[in-house]
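K.L.:
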Amino acid sequence: VRYEVSAGWSKDTEVAARTSMAALIDCAKDVFSGKYKHGFVLARPPSHHAVGNEQLARNGSPANLPFGFCHVNSIASAVVNLRKDHPGLRTCIFDFDVHPGNGNEDTFYNDPSVLTISIHQCGIWPGRDVCREDYVGGSRALGSVFNLPVLSGAGDTDYYYAMNRYIFPEIEAFKPDIIFLAAGYDALNGDPYADQQLTVNWYGWCIAELMRMDIPLVLNLEGGYSPKHAAEAVDKSISALAGTPAEAFLNHMTIMAERERYTAHCREMYETRARALNRLKPEPPESEIG
Numbered sequence: 001v002r003y004e005v006s007a008g009w010s011k012d013t014e015v016a017a018r019t020s021m022a023a024l025i026d027c028a029k030d031v032f033s034g035k036y037k038h039g040f041v042l043a044r045p046p047s048h049h050a051v052g053n054e055q056l057a058r059n060g061s062p063a064n065l066p067f068g069f070c071h072v073n074s075i076a077s078a079v080v081n082l083r084k085d086h087p088g089l090r091t092c093i094f095d096f097d098v099h100p101g102n103g104n105e106d107t108f109y110n111d112p113s114v115l116t117i118s119i120h121q122c123g124i125w126p127g128r129d130v131c132r133e134d135y136v137g138g139s140r141a142l143g144s145v146f147n148l149p150v151l152s153g154a155g156d157t158d159y160y161y162a163m164n165r166y167i168f169p170e171i172e173a174f175k176p177d178i179i180f181l182a183a184g185y186d187a188l189n190g191d192p193y194a195d196q197q198l199t200v201n202w203y204g205w206c207i208a209e210l211m212r213m214d215i216p217l218v219l220n221l222e223g224g225y226s227p228k229h230a231a232e233a234v235d236k237s238i239s240a241l242a243g244t245p246a247e248a249f250l251n252h253m254t255i256m257a258e259r260e261r262y263t264a265h266c267r268e269m270y271e272t273r274a275r276a277l278n279r280l281k282p283e284p285p286e287s288e289i290g
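Each residue of the sequence shown is one higher than the one before, counting from 1 in UniProt numbering.
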């Protein structure tokens, strides 16, 4: 895949990007050490589109190609830094930004110790060929990538179904030691760059459900281009981190009967992924290659 650089640059950009990345690295270390149970880095610019380099990441120094408003990949850098002291670390990177989390996937696509999950609006920028449902990871890490494109116009009901049916079980089955959440707030109803219909309470509910897993959880702010709506959703997210239970948010979500068009599409995406996994053959880990 060829990426074009699509991130603005000014005299202060490098300082802002490096500061955001350093904040997430420190936050992840503090959370994983037990100093804090959870953490949320509210900093810009975002990071999940910045394209890393899988080989360099394994050597402890992920490259970062600016892309899509993102200049450095803070989550990838935090994972690599944590693994310096914890080599066997199992990490889940879950991305609920409305755009696909291509940067994290590209960095760790062949790493079986990192599960990347992206739920995003189907066909949205940077295009249908990025983070496809049949993109399931490299030959040494099949199944380590899970993409769930959701139809345009999806709301609380549809995301509620997708999370409970597919994404939460996938995270629990992987048994990660830590979860990084690429927290983008542009799937909100009213965001100018997308067509989804989520309410602010969905975000609080989702984070409260992740906390029920009792796994260290680190959030990094990603997209969200309606300041009013994004601020309200961040407030709900922080409320969840502070202990508000999932049921409190669920009571205020717009939950209706499952909409067959949306559930059928999610089911089709999941089954396409399953067929890809059955079709592909894994290669042995590098440690087994003579």
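Don't be surprised by glycine CBs; every beta carbon is placed ideally from N, CA and C.
How do the region 187 to 194 and the region 83 to 100 stand: do at least 3 beta-carbon pairs fall below 8 Å, yes or no?
P.N.:
In short, these stretches touch, since the Cβ pair count reaches three.
K.L.:
Do you know whose CA, among Tyr166, Lys37 and Asp156, lies nearest Ala242's CA?
P.N.:
Among Tyr166, Lys37 and Asp156, the Cα nearest to that of Ala242 belongs to Lys37.
K.L.:
To the nearest whole angstrom, what separates the beta carbons of Leu147 and Ala183, a pair I think is in contact under 8 Å?
P.N.:
As written in the sequence, residue 147 is Asn, which differs from the Leu given in the question. 18 Å between Cβ atoms; not a contact.
K.L.:
Distance, Cα to Cα, Gln121 vs Leu89?
P.N.:
If I take the Cα positions, the gap works out to 30 Å.
K.L.:
What does the alpha-carbon distance come out to for the pair Thr254 and Thr199?
P.N.:
Straight-line Cα distance between these residues: approximately 7 Å.
K.L.:
Quick check: what's the CA-CA separation for Met21 versus Ala76?
P.N.:
Approximately 9 Å between the Cα atoms of the pair.
K.L.:
With a CB to CB cut of under 7 Å and the five nearest residues on each side skipped, what residues in its chain are close to Arg83?
P.N.:
Leu89, listed in sequence order.
K.L.:
Please classify Glu123 as buried or exposed, where buried requires at least 16 other C-beta atoms within 10 Å of its C-beta.
P.N.:
Looking at the sequence provided, one finds Gly at residue 123 rather than Glu. Exposed.
K.L.:
Looking at the strands, I want to know which residues DSSP matches up with Ala183.
P.N.:
In DSSP, Ala183 forms a bridge with Leu221.
K.L.:
Quick check on Ser118: does DSSP put it in helix, strand or coil?
P.N.:
In the structure shown, Ser118 sits in a strand (DSSP, three-state: E or B).
K.L.:
Do Pro282 and Ser139 count as a contact pair if the criterion is CB distance below 7 Å?
P.N.:
Yes, the pair counts as a contact, with Cβ atoms nearer than the cut-off.
K.L.:
Is Leu151 helix, strand or coil by DSSP?
P.N.:
Three-state DSSP puts Leu151 in coil, outside helix and strand.
K.L.:
Give me, in chain order, the residues of the same chain whose beta-carbon lies closer than 6 Å to that of Ile178; leave out the 5 immediate sequence neighbours on both sides.
P.N.:
Same-chain partners within the cutoff: Phe32, Thr91 and Pro216.
K.L.:
If we require 4 or more residues per run, which alpha helix (DSSP H) segments fall completely within the region 64 to 115?
P.N.:
Whole alpha helix (DSSP H) segments, 4+ residues: 74 to 85 and 102 to 108.
K.L.:
Verify whether the separation of the beta carbon atoms of Phe174 and Leu115 is less than 7 Å.
P.N.:
Yes, Cβ-Cβ distance for Phe174 and Leu115 is below 7 Å.
K.L.:
My assumption, with CB atoms under 8 Å, is that Asn73 sits in contact with Ser47. Please give the rounded CB distance.
P.N.:
Contact flag correct, Cβ pair sits at about 5 Å.
K.L.:
Which stretch, first to last residue, makes up the alpha helix (DSSP H) that contains Val130?
P.N.:
First-last for Val130: undefined, no H or E at that position.
K.L.:
Which two residues bound the contiguous alpha helix (DSSP H) that contains Asp243?
P.N.:
Residue 243 is actually Gly in this sequence, not Asp. Careful: Gly243 lies outside any alpha helix (DSSP H) and carries neither H nor E.
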